[in-house]
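Some notes on the structure that comes next.
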Amino acid sequence: MARENTNKHNTLRKLKRGTASVAVALTVLGAGLVVNTNEVSARVRYTRHTPEDKLKKIIDDLDAKENMNYNNRMRSYLLRHKLLESQNSSRSQKTSL
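The sequence shown lines up with residues 113 to 209 when you count with the working numbering.
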């Protein structure tokens, strides 16, 4: 009987020690988080008035560049595809001989 009580007593002691260490760790970490807070402020951003025709020109230039990039990628893809087809056809001709 005395042994059972000792086991329960030790278990409670371990639980108290673990709980206390977690509480201390959270207190220290929580204090560290509070110390490192930064103040948030709103930034005011000034913009210039850009005429509508300039904006349209910028958008058109960007569209033209994007279209050119797309065309270059498609051309590259088609050339690669033709090259692979020619390689495959030459391989099939060699194997048939």
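Virtual Cβ for every residue (Gly too), placed ideally from N, Cα, C.
What is the rounded straight-line gap between the Cα of residue i and the Cα of residue j?
i	j	result
D172	M180	12 Å
M186	H193	10 Å
S133	V140	11 Å
E178	L191	20 Å
K169	A154	32 Å
L167	S188	32 Å
S204	D175	43 Å
L138	P163	57 Å
L196	N183	20 Å
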